[in-house]
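Peer 1: Numbering (my numbering), first residue to last: 1 to 244.
We treat Cβ as the ideally placed atom computed from N, Cα and C, and that holds for glycine.
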């Protein structure tokens, strides 16, 4: 009887924790995030939902966009790289945060999705900061390194691309990002699936990404070249500060 009671209490606590987490997220969005969302970011977000429906979750949430903006300003970042753009919510947040002579190298093979956000980028007056390259990211990264002038010049890199290649991006990004610079990997919690045991039932669309992101998280935790802070904002963000 005592064991059964303990199980029931544990299940009740889990449900309460999930409820409180969702309530807290809603509270943050409604109280702090939405009121401070830039007008063009809001327009881009709404246009993405209208055109891309459920795929709109591929953009970062509003509170994460505000976090990225503040981080870039604290760092006094001037040059950034973004792998995976989709319609450009995080890209626009980044461009707005950079100084007038700042630069974002934005890489995504899906130029059509980028076109959804481009009118809002132009309206915000930051298109001149963005160098959009329609390509696979690894090709562009290798070309930048081969150029011989780009290593150690990037202040901040944001990765929100194909999860199976996150680990492949890590080495070239470490060369491109300067010592003291930051690489941010998005979706590192993968809807919480990375924390689930192998015995738990997991939705099919999460399985492959879960494997790749677990490998990434384990690798980053033991990489001596970076200082790591793994945040639960959005769908998880791993911040990696290059040490040497």
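Residue 168: which of 104, 136, 182, 152 sits nearest, CA to CA?
Peer 2: Walking along the chain shown from the start, residue 168 turns up at place 168. For the residues 104, 136, 182, 152, the minimum Cα distance to residue 168 belongs to 136.
Peer 1: I need the boundaries of the beta strand (DSSP E) containing residue 79, first residue and last residue.
Peer 2: Numbered from its first residue, the chain shown carries residue 79 at position 79. Segment 79-83, the beta strand (DSSP E) holding residue 79.
Peer 1: Quick check on this structure: which residue in 156, 225, 190 has the alpha carbon closest to the alpha carbon of residue 97?
Peer 2: Looking up residue 97 in the chain shown gives position 97. Checking every option, the nearest Cα to that of residue 97 belongs to 156.
Peer 1: In chain order, what residues of the same chain lie with their CB nearer than 8 Å to the CB of residue 224, ignoring the 5 residues before and after it?
Peer 2: Here residue 224 refers to the residue found at position 224 when the chain shown is read from its first residue. So the list reads 243, once near-sequence residues are dropped.
Peer 1: Going by C-alpha to C-alpha distance, which of 107, 159, 164 sits closest to residue 174?
Peer 2: One-based indexing of the chain shown puts residue 174 at position 174. Closest option to residue 174, Cα to Cα, is 159.
Peer 1: Look at the alpha carbon of residue 65 and the alpha carbon of residue 228, and state the distance between them as a whole number of angstroms.
Peer 2: Taking the chain shown and counting its residues from 1, the one referred to as residue 65 is at position 65. Taking the chain shown and counting its residues from 1, the one referred to as residue 228 is at position 228. Rounded to the nearest angstrom, the two C-alpha atoms are 20 Å apart.
Peer 1: When DSSP builds the beta bridges, which residues end up paired with residue 177?
Peer 2: The count along the chain shown starts at 1 and reaches residue 177 at position 177. Note: residue 177 sits in a beta bridge opposite 154.
Peer 1: Going by C-alpha distance, which of 21, 145, 232, 190 is nearest residue 171?
Peer 2: For this step, residue 171 is matched to residue 171 along the chain shown. The residue with the shortest Cα to Cα distance from residue 171 is 145.
Peer 1: Are at least three pairs of beta-carbons, each pair with one atom in the segment 106-116 and one in the segment 186-205, less than 8 Å apart?
Peer 2: no
Peer 1: Can you tell which of 198, 233, 153, 190 has its C-alpha closest to the C-alpha of residue 213?
Peer 2: Taking the chain shown and counting its residues from 1, the one referred to as residue 213 is at position 213. The option with the nearest alpha carbon to residue 213 is 190.
Peer 1: Need the endpoints of the alpha helix (DSSP H) that residue 54 sits in, please.
Peer 2: Residue 54 sits at position 54 when you count from the first residue of the chain shown. Residue 54 -> no alpha helix (DSSP H), and no H or E assigned at all.
Peer 1: Does DSSP put residue 34 in a helix, in a strand, or in coil?
Peer 2: On the chain shown, position 34 is the one that residue 34 refers to. Three-state DSSP puts residue 34 in a helix.
Peer 1: How big is the Cα-Cα spacing for residue 46 and residue 72?
Peer 2: One-based indexing of the chain shown puts residue 46 at position 46. One-based indexing of the chain shown puts residue 72 at position 72. Their Cα atoms are separated by approximately 24 Å.
Peer 1: May I have the straight-line CA-CA distance separating residue 55 from residue 234, to the nearest angstrom?
Peer 2: On the chain shown, position 55 is the one that residue 55 refers to. On the chain shown, position 234 is the one that residue 234 refers to. Between residue 55 and residue 234, the C-alpha separation is close to 15 Å.
Peer 1: Counting C-beta neighbours from all protein chains within 10 Å, is the total for residue 16 16 or more, i.e. buried, or is it exposed?
Peer 2: Within the chain shown, residue 16 is the residue found at index 16, counting from 1. Low confidence applies here, because residue 16 scores a pLDDT of 48, under 50, leaving its location unreliable and the question unanswered by this model.
Peer 1: Can you grab the Cα-Cα spacing for the pair residue 193 / residue 236, in whole Å?
Peer 2: The count along the chain shown starts at 1 and reaches residue 193 at position 193. The count along the chain shown starts at 1 and reaches residue 236 at position 236. CA-CA distance, residue 193 to residue 236, rounds to 11 Å.
Peer 1: My guess is that residue 129 and residue 77 are in contact by the Cβ rule of under 8 Å, so how many angstroms apart are they, rounded?
Peer 2: As a position in the chain shown, residue 129 is number 129, starting the count at 1. As a position in the chain shown, residue 77 is number 77, starting the count at 1. No, residue 129 and residue 77 are not in contact; Cβ-Cβ is about 12 Å, not under 8 Å.
Peer 1: Helix, strand or coil for residue 219 per DSSP?
Peer 2: Locating residue 219 in the chain shown gives position 219, counting from the first residue. In the structure shown, residue 219 sits in a helix (DSSP, three-state: H, G or I).
Peer 1: Would you mind listing the beta strand (DSSP E) stretches within the segment 113-158 that are 3+ residues and don't spill past its ends, in chain order?
Peer 2: Restricting attention to beta strand (DSSP E) runs no shorter than 3 residues, the segment 113-158 encloses them at 130-133, ordered along the chain.
Peer 1: Between the alpha carbons of residue 120 and residue 44, how many angstroms are there, rounded?
Peer 2: Within the chain shown, numbered from 1, the residue matching residue 120 stands at position 120. Within the chain shown, numbered from 1, the residue matching residue 44 stands at position 44. If I take the Cα positions, the gap works out to 6 Å.
Peer 1: Mind checking which residues open and close the beta strand (DSSP E) that includes residue 227?
Peer 2: As a working note, residue 227 is residue 227 in the chain shown. 226-231 is the extent of the beta strand (DSSP E) around residue 227.
Peer 1: Could you tell me how far apart the beta carbons of residue 154 and residue 79 are, in whole angstroms, since I believe they sit closer than 8 Å?
Peer 2: For this step, residue 154 is matched to residue 154 along the chain shown. For this step, residue 79 is matched to residue 79 along the chain shown. Sure, about 5 Å apart at Cβ, within 8 Å.
Peer 1: My output table needs one value for residue 74: the three-state DSSP class, helix, strand or coil.
Peer 2: Position 74 of the chain shown, counted from the start, is the residue given in the question as residue 74. Here residue 74 sits in helix by DSSP.
Peer 1: Please report how far the alpha carbon of residue 239 lies from the alpha carbon of residue 230, in whole angstroms.
Peer 2: Residue 239 sits at position 239 when you count from the first residue of the chain shown. Residue 230 sits at position 230 when you count from the first residue of the chain shown. Rounded to whole angstroms, residue 239 to residue 230 spans 6 Å at the Cα level.
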